[in-house]
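Chemist: Dropping a structure here in structure tokens format, bear with me for questions.
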Amino acid sequence: MWNEPSAGLVLAPVDSVRQPQPAVVAAVEPGSIGEDLGFQPGDRLISINGVRPRDLIDLQVLVGEEELSLEVEDPDGTRHQVELEKDADEGLGLAFTEALFDGLRQCNNHCPFCFIDQQPPGRRQSLYVKDDDYRLSFLYGSYLTLTNLTAADWQRIEEQRLSPLFVSVHATDSELRSRLLVNPRAGLLLDQLGWFGERRLQIHAQVVVCPGVNDGAALERTLLDLARFGAGDWPAVLSAAVVPVGLTRFRPPGDGLVPVDRSCARRVIEQVEPLQDRFRAALGSRFAWLSDEWYLMAGLPLPERASYEDLPQQENGVGSIRAFLEALDQATSRLPLRLVQPRRLSWVVGGLVADALQPVVDRLNAVEGLSLRLHGLPSPYWGQEQVVTGLLTGSDLLAGLEGQALGDELLLPSVMLRQGEPVFLDDFRLEDLQRRLPAPIRLVQGADDFVAACLGIQALAL
Numbered sequence: 111m112w113n114e115p116s117a118g119l120v121l122a123p124v125d126s127v128r129q130p131q132p133a134v135v136a137a138v139e140p141g142s143i144g145e146d147l148g149f150q151p152g153d154r155l156i157s158i159n160g161v162r163p164r165d166l167i168d169l170q171v172l173v174g175e176e177e178l179s180l181e182v183e184d185p186d187g188t189r190h191q192v193e194l195e196k197d198a199d200e201g202l203g204l205a206f207t208e209a210l211f212d213g214l215r216q217c218n219n220h221c222p223f224c225f226i227d228q229q230p231p232g233r234r235q236s237l238y239v240k241d242d243d244y245r246l247s248f249l250y251g252s253y254l255t256l257t258n259l260t261a262a263d264w265q266r267i268e269e270q271r272l273s274p275l276f277v278s279v280h281a282t283d284s285e286l287r288s289r290l291l292v293n294p295r296a297g298l299l300l301d302q303l304g305w306f307g308e309r310r311l312q313i314h315a316q317v318v319v320c321p322g323v324n325d326g327a328a329l330e331r332t333l334l335d336l337a338r339f340g341a342g343d344w345p346a347v348l349s350a351a352v353v354p355v356g357l358t359r360f361r362p363p364g365d366g367l368v369p370v371d372r373s374c375a376r377r378v379i380e381q382v383e384p385l386q387d388r389f390r391a392a393l394g395s396r397f398a399w400l401s402d403e404w405y406l407m408a409g410l411p412l413p414e415r416a417s418y419e420d421l422p423q424q425e426n427g428v429g430s431i432r433a434f435l436e437a438l439d440q441a442t443s444r445l446p447l448r449l450v451q452p453r454r455l456s457w458v459v460g461g462l463v464a465d466a467l468q469p470v471v472d473r474l475n476a477v478e479g480l481s482l483r484l485h486g487l488p489s490p491y492w493g494q495e496q497v498v499t500g501l502l503t504g505s506d507l508l509a510g511l512e513g514q515a516l517g518d519e520l521l522l523p524s525v526m527l528r529q530g531e532p533v534f535l536d537d538f539r540l541e542d543l544q545r546r547l548p549a550p551i552r553l554v555q556g557a558d559d560f561v562a563a564c565l566g567i568q569a570l571a572l
């Protein structure tokens, strides 16, 4: 799983410590202590009881005290001290522009399959930032490799109980993992998992499968090794996600990697599903899950919802499409027989998921007066015929939709856009796309919003 860092996030210097910068207030919760104290967006929280927080984790710990002395700087540069008493663990009701105040820890590996290295030059700078920060892993579930942690970082993870973390494993064989990450420190993984287990700390694991490199026997060994740490009342490894490598036309030449095809996808499914049965018998859980992409690439039905248990890796694409289909089933369970005002709509998704979504489109088109056309697009930008929706770029949409009869409105999943900014992964802006297409664009978020858009409820076009 990859999340683009925010534009304002500062990078930590390599092999040095960056002094924490003030935490900039983004919003103040109505009725909160922060509002009572007069905090406003743009204010800068410098220290709490004389300590400069390094990140949101520190801040949450520090504001848990009953007596606080806050050093605050107004937007005009005026500094003042705020003294207050409150209940223990009562928050201030402040949201901040960034989660890290001392800079983002970047990756020190050189994985040939790294998505960030498979992008063209010249785009916004945040697309090239390699997040490998254990604090963002704890806060937001981003994946890290454990290769850049210092002794102080390990100590902090233990003392502040930063668990679970999300770890990109790829292989448990020391030599193979070191080769995959191009980093000798990567070979310490099994010792690190033992460290987590001894301290009753936990992780979720991820394995990116590269055909001919870490599949087959290597994949089986990896999952069996991880499962050894998944036993007991307090397992060190809670789950493992198996995801296919994604390769773009911009990747470095001579990397030796090959894309996953249908036969490979079927081989991996046939290998992992029996292991799931073994793990369920031994651990009480399937433990290792295949991302939905494997089944879509293999041309096979997605597993039933119950097989994903409590969806521990949903944000990593494991069960996300199945969960979306389930939500769509609920949202379309009580459709009207007809629309008062006829509607002709288009819905655009990645080509990989179009077949799975077609039954929902057919169900909606049974409503008299509603005509919904599904566009499952490839990505010429990335050089991929089968692509997930979130990777479609503005130029992909333009290539696939320009000149098409899109009807009264184009429904565009918001997952294609950068969070908080109307821009695609290729820096194409939403308003520029709108100018080139004949139909108004409506962003949709989730199943309920999508179905409401189809039925013409609270339509808010761009």
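If you're matching positions, the sequence shown starts at 111 in the working numbering and goes up one per residue. Ideal Cβ positions, reconstructed from N, Cα and C, are used throughout, including at glycine.
Does DSSP put residue 569 in a helix, in a strand, or in coil?
Modeler: A caution first: residue 569 carries a pLDDT of 40, below 50, which makes its placement in the model unreliable, though a value can still be read off. If DSSP states are grouped into helix, strand and coil, residue 569 belongs with coil.
Chemist: Using three-state DSSP, classify residue 491 as helix, strand or coil.
Modeler: In this structure, residue 491 counts as coil in the three-state DSSP scheme.
Chemist: Nearest-angstrom Cα distance between residue 547 and residue 452?
Modeler: Rounded to whole angstroms, residue 547 to residue 452 spans 21 Å at the Cα level.
Chemist: Is residue 313 closer than 9 Å to residue 352 when the C-beta atoms are compared?
Modeler: The answer is no: Cβ separation not under 9 Å.
Chemist: With a 10 Å radius around its C-beta and 16 neighbouring C-beta atoms as the bar for buried, classify residue 179 as buried or exposed.
Modeler: Exposed, by the Cβ-count rule.
Chemist: At what residues does the alpha helix (DSSP H) containing residue 167 begin and finish?
Modeler: Residue 167 -> alpha helix (DSSP H) spans 166-172.
Chemist: Quick one: grab the DSSP three-state call for residue 189.
Modeler: DSSP places residue 189 in strand when its eight states are reduced to three.
Chemist: Candidates 405, 295 and 454: which alpha carbon is nearest residue 377's?
Modeler: Residue 405 is the option with its Cα nearest to residue 377.
Chemist: Taking DSSP as the reference, what is the three-state secondary structure of residue 457?
Modeler: In the structure shown, residue 457 sits in a strand (DSSP, three-state: E or B).
Chemist: Grab the span of the alpha helix (DSSP H) containing residue 338 for me, first residue to last.
Modeler: Segment 326-338, the alpha helix (DSSP H) holding residue 338.
Chemist: With a threshold of 16 other CB atoms inside 10 Å of the CB of residue 220, please say whether the residue is buried or exposed.
Modeler: Looking at its Cβ environment, which holds fewer than 16 other Cβ atoms inside 10 Å, residue 220 is exposed.
Chemist: Rounded to whole angstroms, what's the CA-CA distance from residue 242 to residue 280? Just pull it up for me.
Modeler: Straight-line Cα distance between these residues: approximately 15 Å.
Chemist: Which value, in whole angstroms, describes the spacing of the CA atoms of residue 254 and residue 562?
Modeler: Approximately 38 Å between the Cα atoms of the pair.
Chemist: Would you grab the beta carbon distance between residue 156 and residue 173 for me? Rounded to a whole angstrom, and I think it's under 8 Å.
Modeler: Not a contact, Cβ separation roughly 14 Å.
Chemist: Whether or not the region 312-332 and the region 294-301 are in contact is what I'm after, with contact meaning three or more pairs of Cβ atoms, one per stretch, closer than 8 Å; do they touch?
Modeler: Segments in contact, no.
Chemist: Under 9 Å between the Cβ atoms of residue 143 and residue 201?
Modeler: Against a cut-off of 9 Å, the Cβ pair of residue 201 and residue 143 comes out as a contact.
Chemist: I need the boundaries of the beta strand (DSSP E) containing residue 511, first residue and last residue.
Modeler: Run containing residue 511: none in the beta strand (DSSP E); it sits in the alpha helix (DSSP H), 504-511.
Chemist: Under a Cβ-count criterion, where at least 16 other Cβ atoms within 10 Å of its own Cβ denotes burial, should residue 344 be classed as buried or exposed?
Modeler: The residue is exposed, with fewer than 16 neighbouring Cβ atoms inside 10 Å.
Chemist: Looking at the structure shown, is residue 111 part of a helix, part of a strand, or coil, going by DSSP?
Modeler: Residue placement at residue 111 cannot be trusted, given a pLDDT of 48 that sits under 50; what the coordinates show is reported in the next sentence. Residue 111 falls in the coil class under three-state DSSP.
Chemist: Residue 446 by DSSP, collapsed to three states: which one?
Modeler: In this structure, residue 446 counts as coil in the three-state DSSP scheme.
Chemist: My assumption, with CB atoms under 8 Å, is that residue 508 sits in contact with residue 543. Please give the rounded CB distance.
Modeler: That belief holds up - the Cβ atoms of residue 508 and residue 543 are roughly 6 Å apart, short of 8 Å.
Chemist: Whose C-beta lies closer than 6 Å to the C-beta of residue 486 among residues of the same chain, with five residues either side of it excluded?
Modeler: These residues qualify, in order along the chain: 459, 461 and 464.
Chemist: Tell me, to the nearest whole angstrom, how far the beta carbon of residue 499 is from that of residue 525; I am working on the premise that it is less than 8 Å.
Modeler: Residue 499 to residue 525, Cβ: 6 Å. Contact.
Chemist: Would the beta-carbon of residue 341 fall within 9 Å of that of residue 393?
Modeler: A contact, by the Cβ cut-off of 9 Å.
Chemist: Quick one: using the 10 Å Cβ neighbour count with 16 as the cut-off for buried, is residue 129 buried or exposed?
Modeler: So residue 129 ends up on the exposed side.
Chemist: Helix, strand or coil for residue 305, going by three-state DSSP, please let me know.
Modeler: Three-state result, residue 305: helix.
Chemist: Which residues does DSSP pair with residue 354 in a beta bridge?
Modeler: DSSP output for residue 354 lists 319 as bridge partner(s).
Chemist: Please classify residue 447: is it buried, with 16 or more other beta-carbons within 10 angstroms of its beta-carbon, or exposed?
Modeler: Residue 447 comes out exposed.
Chemist: Sort 565, 373, 358 and 419 by Cα distance to residue 476 and report the nearest one.
Modeler: Nearest C-alpha to residue 476: 565.
Chemist: For residue 455 and residue 432, I'd like the C-alpha separation in whole angstroms.
Modeler: Whole-angstrom Cα-Cα distance: 24 Å.
Chemist: Excluding the five sequence neighbours on either side, which residues of its own chain have a C-beta within less than 8 Å of the C-beta of residue 473, listed in chain order?
Modeler: If we look at residue 473 and ignore the five residues flanking it on each side, its Cβ neighbours are 442 and 445.
Chemist: Restricting to Cα atoms, I'd like to know which of 412, 402 and 438 is closest to residue 426.
Modeler: Among 412, 402 and 438, the Cα nearest to that of residue 426 belongs to 402.
Chemist: Per DSSP, what kind of secondary structure is residue 528 in: helix, strand or coil?
Modeler: Here residue 528 sits in coil by DSSP.
Chemist: Name the DSSP beta bridge partners of residue 539, please?
Modeler: BP columns for residue 539 point to 533.
Chemist: List the endpoints of the continuous alpha helix (DSSP H) containing residue 139.
Modeler: First-last for residue 139: undefined, no H or E at that position.
Chemist: How many angstroms separate the CA atom of residue 348 from the CA atom of residue 315?
Modeler: Rounded to the nearest angstrom, the two C-alpha atoms are 8 Å apart.
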